[in-house]
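J.: Numbering (mature numbering (1 follows the signal peptide of the UniProt record, and there is no 0)), first residue to last: -23 to -1, 1 to 171. Just so it is clear, CB atoms sit at the ideal spot from N, CA and C, and this is done for glycine as well. Only a predicted model underlies this, so the values are computations on that prediction, with no experimental measurement involved.
(1) Please classify residue 80 as buried or exposed, where buried requires at least 16 neighbouring CB atoms within 10 angstroms.
(2) On a CA-only basis, which of 5, -2 and 20 is nearest residue 12? Give me that one, please.
(3) In the DSSP output, which residue or residues are listed as bridge partners for residue 135?
(4) Flag this pair as yes or no: are the beta carbons of residue 2 and residue 25 separated by less than 9 Å?
(5) Apply the 10 Å Cβ neighbour rule to residue 73 and answer buried if 16 or more other Cβ atoms are within range, or exposed otherwise.
(6) Sorted by chain position, which residues of the same chain lie with C-beta nearer than 6 Å to residue 117's C-beta, five sequence neighbours on each side aside?
(7) Is there at least one Cβ from chain B nearer than 9 Å to residue 5's Cβ?
(8) Work out the CA separation of residue 97 and residue 29 for me, nearest whole Å.
(9) Rounded to a whole number of angstroms, what is the C-alpha to C-alpha distance between residue 124 and residue 65?
(10) Return the first residue and the last residue of the beta strand (DSSP E) that residue 78 is part of.
(11) Do residue 134 and residue 5 count as a contact pair if the criterion is CB distance below 9 Å?
(12) What span of residues does the beta strand (DSSP E) with residue 13 cover, start to end?
(13) Please identify the residue among 67, 86 and 68 whose C-alpha is closest to the C-alpha of residue 75.
(14) In its own chain, which residues sit with a C-beta less than 7 Å from the C-beta of residue 33, not counting the 5 before and 5 after it?
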């Protein structure tokens, strides 16, 4: 019978775990602070990813954000009409992520993604109130840092620049186009590597 010492077992386990973190599936939970032309808001989300190697990964991202203040205008029969309201945004993106390991525990990350945003909007104007749902093309670029607390558990912070197409809502006798502009997003998250 061969006896393995405890330090040898711990080192072997950690080495296997670090190798597992470099390729394979992972899941992230995220909290975001979103700054748009309309409102500052917080959002929550998750990403399911697959790392092909230590540097290249693809992710499926879902985030939910509530914008509680939309102030814009549209033109109706030559007159600018003020629009006030709120929006619930559901964002689904597919991201490519590049990760560069600086040390065994500290990594830089960058990437880009494309997908769509579904916005449920409730608006009011001097001509009446309305609501609607609209889906638009969305794209983002991001960069950040990741720190491994344990071989399979990391925390990260990132900056994201997100672009949306215009949202258009139509009523019986009006059409409202909302230009959401771009979003500046700061996020923090936790990642578990399987």
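T.: According to the data block:
(1) To locate residue 80, count along the chain shown from 1; it is residue 103. So residue 80 counts as exposed.
(2) Counted from its first residue, the chain shown places residue 12 at position 35. If we check each option's Cα against that of residue 12, 20 comes out closest.
(3) On the chain shown, residue 135 is found 158 positions in, with the first residue counted as 1. Answer is 121 and 164.
(4) As a first step, residue 2 must be located in the chain shown, where it is residue number 25. As a first step, residue 25 must be located in the chain shown, where it is residue number 48. In this structure, residue 25 lies closer than 9 Å to residue 2 by Cβ.
(5) As a working mapping, residue 73 is identified with position 96 in the chain shown. Residue 73 comes out exposed.
(6) Your numbering for residue 117 matches position 140 in the chain shown. The beta carbon of residue 117 sits closer than 6 Å to the beta carbons of 90, 137 and 139 from its chain, once the five residues preceding and following it are set aside; these are given in chain order.
(7) Chain labels in this structure do not include chain B; a single protein chain is all it has.
(8) In the chain shown, the residue the question calls residue 29 occupies position 52. In the chain shown, the residue the question calls residue 97 occupies position 120. The straight-line gap from Cα to Cα measures roughly 36 Å.
(9) Position 147 of the chain shown, counted from the first residue, corresponds to residue 124. Position 88 of the chain shown, counted from the first residue, corresponds to residue 65. Cα-Cα distance, rounded: 32 Å.
(10) Start at 1 with the first residue of the chain shown, and residue 78 comes out as number 101. Its beta strand (DSSP E) spans residues 56 to 78.
(11) Mapped onto the chain shown, residue 5 falls at position 28. Mapped onto the chain shown, residue 134 falls at position 157. For residue 5 and residue 134, no; Cβs fall outside 9 Å.
(12) The residue you call residue 13 lines up with position 36 of the chain shown. Neither: residue 13 is in no beta strand (DSSP E) and is coded neither H nor E.
(13) As a working note, residue 75 is residue 98 in the chain shown. The shortest Cα separation from residue 75 among 67, 86 and 68 belongs to 86.
(14) Position 56 of the chain shown holds residue 33. Cβ within range, chain order: 75.
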